[in-house]
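Taking it in order: structure first as structure tokens, then the write-up.
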Amino acid sequence: VTPLGKMVLNRNPDNYFAETEQVAFCPGHIVPGIDFSNDPLLQGRLFSYTDTQISRLGGPNFHEIPINRPIAPNHNGQRDAQHRTTIDKGRASYEPNSIDGGWPKETPPAAENGGFETYPERVEAHKVRERSESFGDHFSQATLFFQSMSHHEKEHIIAAYSFELGKVEREYIRARQVNEILANIDLELAKRVAANLGLPAPTAGTVPARQTSVKESPALSQVNLLSGDIVSRKVAILVADGVDGKAVEAMKAELTAEGAHAKVLGPTSAPVKTADGKSLPVDASAEGLPSVAFDAVFVPGGKASIEALKGDGVALHFILEAYKHLKAISFAGEAKELLSLLRLEEDAGLLEVSDSKSFKPFFHAIAQHRVWDREVKAKAVPA
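Shown next as structure tokens:
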């Protein structure tokens, strides 16, 4: 492997459509010094990707869309057609020609500043219409993936299969999926899903398992990919009139210092009054920006604020939903009264905070992505 450079991804697109939806990926986009291997699949894609972009992006000039323009300008003999932005000069767009001084013309290969040169690769082989034995292996990668998961991830996969196959009306099709697909991936997976579907548990797969040297890969489990910090995490702060404004500002300051993003959510999008009479702007309403948009929740104190939240079904659902989704939640001051109202018990991710020093366990819980130990208790929450 020869390192060619470093690609840095350090921001999100400014405009998703312009910078993501209109990107024209194509294996033919190469830099000088790279050529194509003698691979029929690649050669087919060299044609089909370009052909696809012509219809997907409205014509042959997709390379002139700003996101697709190369950093180093290139020139070809292409003219006109839909969405052309280049204003070409001269009457000829071909070579050789007897007008315009013979231009445009292809730059010949050269040691410096030369045009494209095909690598003179030596090829000795027979072209046959066959597939290698590995093409018959449909399950070893799926087996590796499932067996590399943590306990919680495996449980989610089992639940997902059970949920989706439960929608299949014909029982024999459900049984076929379990016996001929899942049993060849992992027998325990197949047995658990079969039990959830009311089907007999399979005792073996239908094809011999392929022996591979790698049984598990830590890189496949998201649990092993946590950064250990809360950079870019989004935390909702639920407030109402009478909230403890100092607690809100303290939490916002600490979250910002850790690289996280705090959003203050009120009953509406209008500012709320703090306990000391100040106006506190909110970023959105709890109804307009629900809990699924956040990684964690903080509920500051303030007697009047908590009394208002107790009667606010949207706010109560917000907290319960975050709890059910195993997200970290912290309470301060009078906000602890919501625990008994919602019948929630403190755990490693449901924490009481009082000052900046006590924020650290909350931040640690956020960094773990989810409070997995809560999963069994969370099943009883009707959110």
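Residues in the sequence shown are numbered consecutively from 1, following UniProt numbering.
Ideal Cβ placement from N, Cα and C applies to all residues, glycine included.
Fair warning: this is a prediction, and the values are worked out from it, not measured in the lab.
Query	Result
Return helix, strand or coil for Ile67, following the three-state DSSP convention.	helix
Less than 8 Å between the C-beta atoms of Ser269 and Ala257, yes or no?	no
Helix, strand or coil for Asp347 per DSSP?	strand
Thr274 bridges to which residues according to DSSP?	Val243
Pairs of beta-carbons, one from the segment 227-237 and one from the segment 184-199, closer than 8 Å: are there three or more?	no
Please check the pair Leu225 and Ala367, which I expect to be a contact at CB under 8 Å, by giving their CB distance rounded to whole angstroms.	In fact, because the Cβ distance is near 12 Å, the residues do not count as touching under 8 Å.
Below 8 Å, can you find three or more Cβ-Cβ pairs linking the segment 323-338 to the segment 360-375?	yes
Tell me where the beta strand (DSSP E) around Val299 begins and ends.	296-299
Looking at Leu255: is its Cβ nearer than 8 Å to the Cβ of Phe318?	no
Let me make sure I understand the geometry here. Which of Glu153, Ile87, Thr2, Val23 has the alpha-carbon closest to that of residue 398?	This structure cannot settle anything about residue 398, because the visible part of the chain is limited to 1 through 383.
Using the three-state DSSP reduction, which class does Glu352 fall into: helix, strand or coil?	strand
Among Phe139, Arg131, Val223, Asn61, which residue has its Cα nearest to the Cα of Thr206?	Phe139
Does residue 422 pass the burial test, meaning 16 or more other C-beta atoms within 10 Å, or should it be called exposed?	In the structure as shown, the chain begins at 1 and stops at 383. Residue 422 is therefore absent and cannot be evaluated.
I'd like the list of long-range same chain contacts for Lys310, defined as Cβ closer than 8 Å, with 5 residues on each side in sequence excluded.	Leu316, Glu337, Leu338, Leu341
Nearest CA to the CA of Asp35: which residue from Phe116, Ser150, Pro202, Phe62?	Phe116
Excluding the 5 residues flanking Arg374 on each side, which residues of the same chain have their C-beta closer than 7 Å to its C-beta?	Leu326, Asp347, Gly349
Express the C-alpha separation of Phe298 and Asp137 in angstroms, rounding to a whole number.	49 Å
Run through the segment 142-186 for me and flag every whole alpha helix (DSSP H) of 4 or more residues, listed as ranges in chain order.	151-165, 171-177
My guess is that Asp186 and Phe146 are in contact by the Cβ rule of under 8 Å, so how many angstroms apart are they, rounded?	5 Å
So Ala219 and Gly242 are supposed to be a Cβ contact under 8 Å. How far apart are they, rounded?	About 49 Å; that fails the 8 Å criterion.
Would Gln78 and Gly58 qualify as a contact pair, given that the criterion is a beta-carbon distance under 8 Å?	no
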